[in-house]
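The structure under discussion appears below in the form of structure tokens.
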Ligand code: NAD
Ligand code: ZN
Ligand code: ZN
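Numbering (the numbering used here), first residue to last: 33 to 374.
Take a look at the structure:
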């Protein structure tokens, strides 16, 4: 049996084990991909800590922003070629037959598998992809720079569409981490005006660099009143923050008739004032990653030079330090693992 180096979750809450791990073999409809780069998403941290009601089963390999080269095809694969550059995704596969899959909502499929969660992901030298769900990486892309688009990018792109904000209208983006700093860029590219909220000034500076017109620090203060005073409330609000308090505050940031979209997934609950929601005609919705069509569109924004994730390259050996920095909100944009450094 051949082996590879991978970062493995053995127990929830414990450090990942960077170790020798069996190299996977592609089954029917799958391909084996040799990794070049992978982004590190806050979801990987939730996975490692077993934060969510539906938990993965250790041992498993996290990672769902992996970019690499197809090295071997499983039986019956005709849609990929050896040598092609592809990415994995959170939506690793879906059934294709249920009501959700049939109506273009494969992200809601109850039979879906998730990369780096219910099936091994990209925190290893090799990963498998389902040929139907592998994301073709546009030619000429920088594999490290595009990696964060595979989750952070497609997720916020879809969520921004779900806010129903029109060009020229305001979107408030709460949480300017891996997801949020790319959300600012998509929003600007989509013609929206951006107000950015975080609890750290360096994150707010990053939002300004990427085109946010107004920035507000929510540390110790609810920014909702200021947003109402400055712009009369935002037409749409996108929450990517990792603290439940941001979810309650989002409701107060919206303009009458506005739509609030939740991407962030911190464990917990938030207060939802019934009177305000009803009287202001607010819509609150969750949004989970994006479909293959959303992925193609999100990657195309990158290919056209409209978005540039801010990232830093690190070796896989640093994975526990990286997750610790993420937990303490110390990462600028995204960290991308560089497999050439192994
Ligand atoms: P990240 O750690 O890179 O960024 C989180 C940001 O939230 C940081 O900038 C932090 O300073 C900020 N923050 C923390 N508390 C805040 C508060 N009270 N108000 C405003 N900002 C606050 O994380 P990420 O990779 O961007 O992921 C964010 C969340 O989105 C995670 O919970 C992740 O699991 C989830 N996620 C959801 C989807 C989806 O499809 N819905 C996809 C990917 C990630
Ligand atoms: Zn993710
Ligand atoms: Zn389905």
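We put the beta carbon where it would ideally sit given N, CA and C, even for glycine. Values in this document were obtained by computation on a predicted structure and should not be read as measured data.
Q: Flag this pair as yes or no: are the beta carbons of residue 153 and residue 209 separated by less than 8 Å?
A: Here residue 153 corresponds to residue number 121 of the chain shown, with the count starting at 1. Here residue 209 corresponds to residue number 177 of the chain shown, with the count starting at 1. Their beta carbons are not under 8 Å apart, which means residue 153 does not touch residue 209 by this criterion.
Q.
For a test of your reading of the model: does the CB of residue 266 fall under 7 Å from any non-hydrogen atom of ligand 1? Yes or no.
A. Residue mapping note: residue 266 aligns to position 234 of the chain shown, counting from 1. Answer for residue 266: no, Cβ out of range of ligand 1.
(Q) In the DSSP output, what is residue 62 paired with across the bridge? (A) Position 30 of the chain shown holds residue 62. 162, per the DSSP bridge assignment.
Q: In angstroms with no decimal places, state the Cα-to-Cα distance between residue 218 and residue 82.
A: Walking along the chain shown from the start, residue 218 turns up at place 186. Walking along the chain shown from the start, residue 82 turns up at place 50. Each residue's alpha carbon lies about 31 Å from the other.
(Q) Checking 8 Å against the spacing of the C-beta atoms, do residue 185 and residue 339 come in under that value? (A) Mapped onto the chain shown, residue 185 falls at position 153. Mapped onto the chain shown, residue 339 falls at position 307. Result yes, Cβ atoms of residue 185 and residue 339 sit closer than 8 Å.
Q: Using 7 Å as the cut-off, classify the Cβ of residue 122 as near or not near the heavy atoms of ligand 2, replying yes or no.
A: Translated into the one-based positions of the chain shown, residue 122 becomes position 90. Flag set: Cβ of residue 122 near ligand 2.
Q: State yes or no: is the C-beta of residue 96 nearer than 7 Å to some heavy atom of ligand 2?
A: Position 64 of the chain shown, counted from the start, is the residue given in the question as residue 96. Under cutoff, so the answer is yes.
Q | Check your reading: residues with Cβ closer than 5 Å to ligand 2 heavy atoms | A | 73, 75, 183
Q | beta-carbon residue 231 near ligand 1 non-hydrogen atom, thresh 7 Å | A | The sequence position of residue 231 within the chain shown is 199, counting from 1. Within the cutoff, so yes.
**Q.** 8 Å Cβ cutoff, residue 152 in contact with chain D
**A.** Absent from the structure: chain D. Only one protein chain is present.
(Q) To test your reading of the DSSP string, which unbroken beta strand (DSSP E) runs of 3 or more residues are found completely within the region 219 to 268? (A) 225 to 230, 246 to 249
Q | Backbone CA spacing between residue 126 and residue 200 [nearest angstrom] | A | Residue numbering aside, residue 126 sits at position 94 when the chain shown is read from its first letter. Residue numbering aside, residue 200 sits at position 168 when the chain shown is read from its first letter. Rounded to the nearest angstrom, the two C-alpha atoms are 36 Å apart.
Q) Taking only runs of the alpha helix (DSSP H) that begin and end inside the region 83 to 145, which ones reach a length of at least 4 residues, in chain order? A) 131 to 134
Q: Consider the C-beta atom of residue 298 and the heavy atoms of ligand 1; say whether any pair is separated by less than 7 Å.
A: By one-based count along the chain shown, residue 298 stands at place 266. Correct: residue 298 has its Cβ closer than 7 Å to ligand 1.
Q: Let me have the residue list for ligand 3: C-beta closer than 7 Å to any non-hydrogen atom, ordered along the chain.
A: 126, 127, 128, 129, 130, 132, 133, 138, 141, 142, 143, 144
Q | Where the beta strand (DSSP E) containing residue 54 begins and where it ends | A | Locating residue 54 in the chain shown gives position 22, where the first residue counts as 1. Here the beta strand (DSSP E) through residue 54 covers 49 to 54.
Q) Alpha carbon to alpha carbon, what distance is there between residue 304 and residue 349? A) For this step, residue 349 is matched to residue 317 along the chain shown. For this step, residue 304 is matched to residue 272 along the chain shown. Roughly 42 Å separates the two Cα atoms.
Q | Cα-Cα separation between residue 39 and residue 173, rounded to whole angstroms | A | Residue mapping note: residue 39 aligns to position 7 of the chain shown, counting from 1. Residue mapping note: residue 173 aligns to position 141 of the chain shown, counting from 1. Their Cα atoms are separated by approximately 26 Å.
Q: Using 7 Å as the cut-off, classify the Cβ of residue 211 as near or not near the heavy atoms of ligand 1, replying yes or no.
A: Residue 211 sits at position 179 when you count from the first residue of the chain shown. Checking the Cβ of residue 211 against ligand 1 gives yes.
Q) With burial defined as no fewer than 16 other Cβ atoms inside 10 Å of the residue's Cβ, what is the status of residue 235: buried or exposed? A) By one-based count along the chain shown, residue 235 stands at place 203. It is buried - the Cβ of residue 235 has at least 16 other Cβ atoms within 10 Å.
Q) Should residue 118 and residue 161 be called a contact, given that it needs their Cβ atoms to be closer than 8 Å? A) Residue numbering aside, residue 118 sits at position 86 when the chain shown is read from its first letter. Residue numbering aside, residue 161 sits at position 129 when the chain shown is read from its first letter. Cβ distance < 8 Å, so residue 118 and residue 161 count as in contact.
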